[in-house]
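Engineer:
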Amino acid sequence: MTKSGLVKRMPWTLLLVAAMTLAPARTSLATTTADGAAAAEVERLTSDILSLDGDPAYGEYLGGECVTCHQRSGASDGIPPITGLSVDYAVRALVEYKLGIRGNEVMKLMTARLDEEEIAALAAYFAGLEP
Ligand code: HEC
C-alpha cells in the first residue's frame, strides 16, 4: 500500500473505530434512559394511587381472588403473605408488577387489569388484616 493510499483509508478506519466505540455507549445510554423512565413511571403511579382514599370494603370484594393464593390468615406456603403490609409498600409492589419492573408472571397478570382505585382498595384492605 502506498503512503497516499494509507492516508486515504484513514478516515474510514477512524470512522469505523468511532462507530464501534460509540455504539455500545449509545445502547447503554438508551437502556439507562428507559430504566429512568420506568422508575419515574413507578413513582408517578405510586404517588397517584397513594393520594386516593382506598376503600377496604371494595378491597375485600376484589381480594377474594387474591386469597386463593395469598392466605387470609397471613400464613406463608411459598407464596408471600400480604396481610398487614403497609399501604405504601403494597401499592408500590403492585405498581411494580403492573409496569413489569417486578418480573413475576402471575402477579403481572393479576395487576395488569387493576386500575388505580382498585389497587388503592386492595392495599387498604390487606393492610387492615392481622399479619
Ligand atoms: C395465582 C396465585 C396468586 C394470586 C391469585 C395473587 N398473587 Fe400476589 N403473589 C403471588 C406470588 C407467587 C408472589 C411472589 C412473586 C414474586 O416472587 O415476586 C406474589 C406477590 C405479591 C405481592 C408482593 C409481596 C411482597 O412481599 O413483596 C403482593 C403485594 C401481592 N402479591 C398482592 C396480590 C393481590 C392484591 C392479589 C389479588 C389482586 C394477588 N396478589 C393475587 C401469587 C398470587
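Using mature numbering (1 follows the signal peptide of the UniProt record, and there is no 0), the letters of the sequence shown map in sequence onto residues -30 to -1, 1 to 101.
A virtual CB, placed ideally from N, CA and C, is assigned to each residue, including glycine.
Just so it is clear, the structure is predicted and the values come from calculations on it, not from any experiment.
Just the C-alpha distance for Ala63 and Arg72, rounded to the nearest angstrom, thanks.
Structural biologist: Start at 1 with the first residue of the sequence shown, and residue 63 comes out as number 93. Start at 1 with the first residue of the sequence shown, and residue 72 comes out as number 102. Using only the alpha carbons, I get a separation of about 8 angstroms.
Engineer: Specify which residues have a beta carbon nearer than 5 angstroms to any heavy atom of ligand 1, listing them in chain order.
Structural biologist: Cβ-based neighbours of ligand 1 within the cut-off: Cys36, Cys39, Ile49, Pro50, Ile52, Ala60, Ala63, Asn74, Val76, Met77, Met80 and Leu92.
Engineer: Could you say which of Ile52, Leu79 and Tyr28 lies nearest to Tyr67 if we only look at CA atoms?
Structural biologist: Numbered from its first residue, the sequence shown carries residue 67 at position 97. That would be Leu79, whose Cα lies nearest to the Cα of Tyr67.
Engineer: Grab me the residues of Asp85's own chain with a C-beta within less than 6 angstroms of its C-beta, minus the 5 sequence neighbours each way, in chain order.
Structural biologist: As a position in the sequence shown, residue 85 is number 115, starting the count at 1. So no residue of the chain qualifies.
Engineer: Please confirm whether Leu69 and Glu11 have their CB atoms less than 8 angstroms apart.
Structural biologist: Residue 69 sits at position 99 when you count from the first residue of the sequence shown. Residue 11 sits at position 41 when you count from the first residue of the sequence shown. Yes, the Cβ-Cβ distance between Leu69 and Glu11 is below 8 angstroms.
Engineer: If I'm right that Ser96 touches Gly48 with Cβ under 8 angstroms, what's the distance once you round it to whole angstroms?
Structural biologist: Mapped onto the sequence shown, residue 96 falls at position 126. Mapped onto the sequence shown, residue 48 falls at position 78. Here the sequence assigns Phe to residue 96, which means Ser is not the residue at that position. No, Phe96 and Gly48 are not in contact; Cβ-Cβ is about 18 angstroms, not under 8 angstroms.
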